[in-house]
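Report on the structure given below.
Residue numbers (the numbering used here): 928 to 1325.
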């Protein structure tokens, strides 16, 4: 749950790691601000491994299972939601002119980056909105049901991943030899997934257990075949399954809770791919990957052309193309019933097996950019009106 998923898609470097929608380069960020003002986050892109219990292959150690979810008190009340017709836009109070938004899986928490981009974050939760200062330039790529935030700061070379808890940002630890790491997603257990950029601009999928931010663990990655020892993680499910890609986008990939992995199928004639989100029995991401992406000098692969977006049924193994017009940098959200939220240039829509529902624009708005979706059907994003006036909105599409 972030802003723009296909931007998030950059795969691993040579194997590509993926650029979490937090536009990985300043130019990209500026472009996103001008055209949409929000970077999806996550999310990304949209994305996934250790929360529940994936056995991980830490460098030089035996596979281990993730720690149990941290204790957390039940939220007192959900953010205020005024009554509105289904899928109608409602202004999000306290989040003005955002350039990045993420929403947790329950819809209880939202986090946004104000336009100043000065390290301020606005967190909206059961107790209402509040703004605090963390690392300058941090763009959120995910948030969980306890209000723990993950995000990245773009550097001249690539990006640096952080976790934010109790108003304090902590830089995620690097695996041995790594140049930097990217934070992609977080689940309610507090486990974070992403990737590490290694020497030679090669990427490896990584997981950080809750409160073990200095102890990254590499996900098991095939050394032969198209994978070539490279991988990137983009999404993590509540039960600990993870999705991403191997081989610099050569194959979309799923890591199971027992630590083993398997490639996800792609439609005929559309090789390569990157899975960016996983919710229950569903995952979504881009295919025909090489043709629609380009590799940056730092090795990270980012979107170049309109992606071919697909949805995977993880129970049956079926892959289905999301037919919703011409997606602008991919989809921005995945709902538990398999519906996919898509950005289509000046508007957004919800795609399902039965058709496409266009999201209504608030009065006076000319464009909309969806940043993420929650399990209760809450869709969040921002709109652009006259004079580039931007405002955060939610659509209740449960």
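We treat Cβ as the ideally placed atom computed from N, Cα and C, and that holds for glycine.
- Of the candidates 1187, 1284, 1110 and 1150, the residue whose Cα lies closest to the Cα of residue 1175 is 1150.
- With fewer than 16 other CB atoms across the displayed protein chains lying within 10 angstroms of its CB, residue 1142 is exposed.
- When beta bridges are read from the DSSP output, residue 1016 appears opposite 1322.
- In this structure, residue 1209 sits away from residue 1162, with a CB-CB distance that is not shorter than 8 Å.
- About 18 Å separates the CB atoms of residue 1277 and residue 1292; that is not less than 8 Å, and the two are not in contact.
- Residues of the same chain with a CB within less than 6 Å of the CB of residue 1193, apart from the 5 flanking positions on each side, are 1200 and 1214 in chain order.
- Counting only runs of 3+ residues, the beta strand (DSSP E) found wholly inside the stretch 1104-1142 occupies 1107-1113, 1119-1125 and 1129-1135, in chain order.
- With fewer than 16 other beta carbons inside 10 angstroms of its own, residue 1126 counts as exposed.
- Our two residues, residue 1290 and residue 1014, have alpha carbons roughly 15 Å apart in a direct line.
- Around the beta carbon of residue 1240, fewer than 16 other beta carbons sit within 10 angstroms, so the residue counts as exposed.
- For residue 1165, the three-state secondary structure derived from DSSP is coil.
- Residues of the same chain with a CB within less than 8 Å of the CB of residue 1267, apart from the 5 flanking positions on each side, are 1211, 1236, 1238, 1249, 1251, 1258, 1260, 1261, 1277, 1278 and 1279 in chain order.
- Across the structure, residue 1318 and residue 1023 are spaced so that their CA atoms are roughly 6 Å apart.
- Contact annotation, residue 1147 with residue 1172: C-beta distance approximately 14 Å; criterion of less than 8 Å not satisfied.
- Nearest Cα to residue 1034 within the set 1045, 1247, 1050 and 1043: 1050.
- The beta carbon of residue 1135 sits closer than 6 Å to those of 1099, 1119 and 1143, all from its chain and outside the five residues before and after it, given in chain order.
- Nearest C-alpha to residue 1107 among 1084, 1090, 1091 and 1116: 1084.
- Proximity to residue 1197 across 1204, 1205 and 1179 peaks at 1179, based on C-alpha coordinates.
- In the structure shown, the three-state DSSP call for residue 1251 is coil.
- The bridge partners DSSP lists for residue 1149 come to none.
- Look at residue 1218 here: in three-state DSSP terms it is helix.
- For residue 1041, the enclosing beta strand (DSSP E) starts and ends at 1037-1041.
- Cβ contact annotation for residue 1077 (same chain, cutoff 6 Å, sequence separation greater than five): 1068, 1069, 1090, 1110, 1113 and 1119, in chain order.
- Ranked by Cα distance from residue 1064, the options 1087, 1052 and 1074 are led by 1087.
- Judged by their CB atoms, residue 1145 and residue 1129 are not nearer to each other than the 8 Å cut-off.
- Of the other Cβ atoms in all chains shown, 16 or more fall within 10 Å of the Cβ of residue 1031; this residue is therefore buried.
- Within the stretch 1272-1297, the complete beta strand (DSSP E) runs of at least 3 residues fall at 1274-1279 and 1282-1285.
- In the structure shown, residue 1178 falls within a strand segment according to DSSP collapsed to helix, strand and coil.
- Listed in chain order, the non-local C-beta contacts of residue 1140 below 7 Å within the same chain comprise 1090, 1097, 1099 and 1100, local neighbours out to five positions each way being set aside.
- With respect to residue 1094, residue 1044 sits apart: the two C-beta atoms are not nearer than 8 Å.
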